[in-house]
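Peer 1: Take this structure first; my questions come after.
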Amino acid sequence: MFNLLPTKGLSYSRTTKQQIKSLNKILKAMNECALNQPEQLTPLYQKLVAFHRKKVGGGSAKQPIKNWFAAHPLFQIDRVIQQTIKEKTIITSINELSEQADMIAIYRRYEGKDSFRTLIEQQLHEIDEGIEVVNLGGSNNPVVRVKLDKDRFFIMRFLRVGSQEDSAGISPRCLRDSLQNVDELPMPYLLTPVEDDRQEVTYLEFSPYYERGSLADHFKKLREQKDKKSIDTNQLVLIYAQKIIAFLRKINLQNIWYTDLKPENILLPMLANEDYVVINDIKGLILSPNNKIRRNRVSMTPAYYQSSVYDDKDVHLDRLQRQTLANTLYELACGKLPIPEITHQPDWKNRYNFDQPCFKNPEGLFLVQLIRELNKSQAFPLTHFTSMIEDFEDAQIRSFLQRAEGEKPFIGLDDSSSMSTW
1 MFNLLPTKGL
11 SYSRTTKQQI
21 KSLNKILKAM
31 NECALNQPEQ
41 LTPLYQKLVA
51 FHRKKVGGGS
61 AKQPIKNWFA
71 AHPLFQIDRV
81 IQQTIKEKTI
91 ITSINELSEQ
101 ADMIAIYRRY
111 EGKDSFRTLI
121 EQQLHEIDEG
131 IEVVNLGGSN
141 NPVVRVKLDK
151 DRFFIMRFLR
161 VGSQEDSAGI
171 SPRCLRDSLQ
181 NVDELPMPYL
191 LTPVEDDRQE
201 VTYLEFSPYY
211 ERGSLADHFK
221 KLREQKDKKS
231 IDTNQLVLIY
241 AQKIIAFLRK
251 INLQNIWYTD
261 LKPENILLPM
271 LANEDYVVIN
281 DIKGLILSPN
291 NKIRRNRVSM
301 TPAYYQSSVY
311 DDKDVHLDRL
321 QRQTLANTLY
331 ELACGKLPIP
341 EITHQPDWKN
351 RYNFDQPCFK
361 NPEGLFLVQL
371 IRELNKSQAF
381 PLTHFTSMIE
391 DFEDAQIRSF
401 LQRAEGEKPF
411 IGLDDSSSMS
421 TW
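If you're matching positions, the sequence shown starts at 1 in the UniProt record's numbering and goes up one per residue.
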């Protein structure tokens with residue numbers, strides 16, 4: 001839950017070290033309780049409040065203590081604790097339901113996505129008729145939301161992975177397990193195997209429900225509001241670009257790639273202050289120490305890349321990641337996907353329409369530059385794109401300060417005369 005404050009190697013005063021030690025003692029106890037006894041978090045939170053009142057409120061808090069509470073306001077800590085306690089009760093309820101319900105029967109009676117909700121509802125209603133099951137859609141893999149009571153929800157869906165990859169420890173399920181410290185890939189509440197035909201292993205997955213929805217839903221609502229009043233979503237697109245790149249960098253360091261990036265596969269975290277996104281579909285996770293892999297091993301959506309990702313029977317993983325990110329940012333910015341145009345059958349290239357109002361302001365012009373850079377055949381490290389965004393944001397801040405001081409405006413990164421539809 002919370003990182004402890006460091007003391008080693010720092011020349012703090014004795015009083016400062018004592019305060020850090022006292023705070024760390026509370027935080028360590030909270031971290032331990034979060035795993036096994038979340039119900040004990042409430043009294044520990046009261047200790048934290050008392051510590052804050054005495055040190056910060058009393059004016060004796062040293063700077064490291066002030067900094068920690070500035071980064072972790074008490075109201076946010078309270079929300080995290082309440083969410084942790086709620087999730088523990090959800091897990092307990094799921095375990096009880098799974099012990100009483102016949103989960104394998106759900107799979108054996110499954111006749112397509114239209115039957116999934118009904119089968120889940122029938123099984124759960126035999127245990128508790130008050131449970132509500134709502135279909136959340138899903139193309140070939142339906143998803144339902146289960147409502148236990150007023151504010152406790154979870155989702156259920158099938159997870160299918162290759163039998164050989166799963167037994168070898170390299171299936172998306174196994175890769176997620178190996179990335180337990182990556183916030184963007186939360187672990188399911190429960191994963192129950194229901195079938196293994198030696199070609200494919202099928203699990204019934206019970207996972208957290210993210211009520212804030214996906215980036216696709218979020219930006220659709222923002223665009224609807226934008227029609228009624230002046231809202232600039234481009235800055236928000238750049239914020240999410242940084243969060244997505246941060247996720248890709250984390251997993252790439254472990255030779256893991258994500259191949260099915262698109263707005264509907266990216267969820268907003270449960271709490272608005274959490275600085276990451278959540279990956280909804282783990283089928284896009286793949287392990288490869290090399291940049292190329294056989295295309296039949298890759299889960300991807302054609303609308304989000306170009307045929308240049310292919311090299312005969314292989315796929316360029318780096319290029320695929322960059323192109324899916326480019327199309328994701330384009331879709332978030334304007335609400336549409338680029339148009340695929342056949343070059344030489346069966347090859348195609350995406351045609352972007354940058355002659356739209358959303359690409360005309362400084363942030364929009366920079367998005368054009370970023371999307372073009374992501375689509376280049378030349379391989380750039382992900383840090384290159386992070387630096388591009390940071391440099392642009394720094395330039396915008398300098399420009400704002402200069403305008404505020406009445407000085408000559410700073411010239412941005414883009415030359416609007418170079419922008420065109422292509």
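From the three backbone atoms N, C-alpha and C, an ideal C-beta is built for every residue, glycine too.
In the DSSP assignment, what residue or residues form a beta bridge with Asp314?
Peer 2: Arg294 and Asp311, per the DSSP bridge assignment.
Peer 1: At the level of alpha carbons, what is the spacing between Ser417 and Lys262?
Peer 2: Low local confidence applies: a pLDDT of 35 at Ser417 is under 50, so the model's placement there is unreliable, with the coordinate-based value given in what follows. Whole-angstrom Cα-Cα distance: 30 Å.
Peer 1: In three-state terms, what does DSSP make of Ile93?
Peer 2: Reading off the sequence, residue 93 comes out as Ser, not Ile. Ser93 falls in the helix class under three-state DSSP.
Peer 1: Looking at the secondary structure, which residues open and close the alpha helix (DSSP H) in which Arg14 lies?
Peer 2: Arg14 to Asn36 is the extent of the alpha helix (DSSP H) around Arg14.
Peer 1: Thinking C-alpha only, which one of Thr16, Ile155, Val201 and Glu129 is nearest Val161?
Peer 2: It is Val201.
Peer 1: Closest by CA to Lys62, which one among Leu4, Val194, Ile104 and Ser13?
Peer 2: Answer by Cα proximity: Ser13.
Peer 1: Roughly how far, in whole angstroms, is the beta-carbon of His316 from the beta-carbon of Lys292, given that I think they are within contact range, below 8 Å?
Peer 2: The Cβ separation is near 6 Å, so the contact holds.
Peer 1: Could you tell me which of Tyr304, Phe75 and Arg322 sits nearest to Pro338, measuring between CA atoms?
Peer 2: Residue Tyr304 is the option with its Cα nearest to Pro338.
Peer 1: If you draw a straight line from the C-alpha of Leu215 to the C-alpha of Gln18, how long is it?
Peer 2: Taking the straight line from one Cα to the other gives about 44 Å.
Peer 1: Label Gly58 either buried or exposed according to how many other C-beta atoms from any shown protein chain fall within 10 Å of its C-beta, with 16 as the threshold for buried.
Peer 2: Exposed is the call here.
Peer 1: With DSSP run on the structure shown, which of helix, strand or coil describes Ser115?
Peer 2: Of the three classes helix, strand and coil, the one that applies to Ser115 here is helix, per DSSP.
Peer 1: Just to confirm my understanding: we take Thr421, look at its own chain, exclude 5 residues before and 5 after, and list those with CB closer than 6 Å. What are they?
Peer 2: With a pLDDT of 37 at Thr421, under the threshold of 50, the modelled position of this residue cannot be trusted, and the question is left open.
Peer 1: May I have the straight-line CA-CA distance separating Val144 from Lys86, to the nearest angstrom?
Peer 2: One C-alpha to the other measures close to 20 Å.
Peer 1: If you follow the alpha helix (DSSP H) that Gly162 is part of, which residue opens it and which one closes it?
Peer 2: Here Gly162 belongs to no alpha helix (DSSP H); instead the beta strand (DSSP E) covers Arg152 to Gly162.
Peer 1: Within the same chain, show all residues whose beta-carbon is closer than 7 Å to that of Ile127, passing over the 5 residues directly before and after it, in chain order.
Peer 2: If we look at Ile127 and ignore the five residues flanking it on each side, its Cβ neighbours are Leu97, Gln100 and Ala101.
Peer 1: On the criterion of 16 or more Cβ atoms from any shown chain inside 10 Å, does Gln402 qualify as buried, or is it exposed?
Peer 2: Flag for Gln402 reads exposed.
Peer 1: Taking the continuous alpha helix (DSSP H) assigned at Tyr352, which residues delimit it?
Peer 2: No alpha helix (DSSP H) holds Tyr352; DSSP gives it neither H nor E.
Peer 1: Who pairs with Phe206 in a beta bridge, going by DSSP?
Peer 2: BP columns for Phe206 point to Met156 and Leu190.
Peer 1: Checking the sheet assignment: what are the DSSP bridge partners for Ser214?
Peer 2: According to DSSP, which records beta bridges pairwise, Ser214 is partnered with Leu267.
Peer 1: Smallest Cα separation from Thr301: which of His72, Lys243 and Ser139?
Peer 2: Measuring from the Cα of Thr301, the nearest candidate turns out to be Ser139.
Peer 1: Looking at C-alpha atoms only, which residue of Lys150, Thr118 and Asp391 is the closest neighbour of Gly130?
Peer 2: Of the listed residues, the one whose Cα sits closest to Gly130 is Lys150.
Peer 1: For Thr343, count neighbouring Cβ atoms within 10 angstroms of its own Cβ and tell me buried if that reaches 16, exposed if not.
Peer 2: Thr343 should be labelled exposed.
Peer 1: The alpha helix (DSSP H) spanning Ile371 covers which residue range?
Peer 2: Here the alpha helix (DSSP H) through Ile371 covers Pro362 to Leu374.
Peer 1: How many angstroms separate the CA atom of Met270 from the CA atom of Phe154?
Peer 2: The alpha-carbon atoms of Met270 and Phe154 are separated by roughly 12 Å.
Peer 1: Per the contact definition of three or more C-beta pairs closer than 8 Å, is the region 116-127 in contact with the region 172-188?
Peer 2: Counting Cβ pairs under 8 Å, fewer than three are found: no touch.
Peer 1: Pick from Arg109, Phe69, Ile244 and Leu44: whose alpha carbon is nearest that of Ile81?
Peer 2: Considering only alpha carbons, the answer is Leu44.
Peer 1: Would you call the region 239-253 and the region 186-194 in contact, with 3 or more CB pairs under 8 Å?
Peer 2: No, they do not touch.
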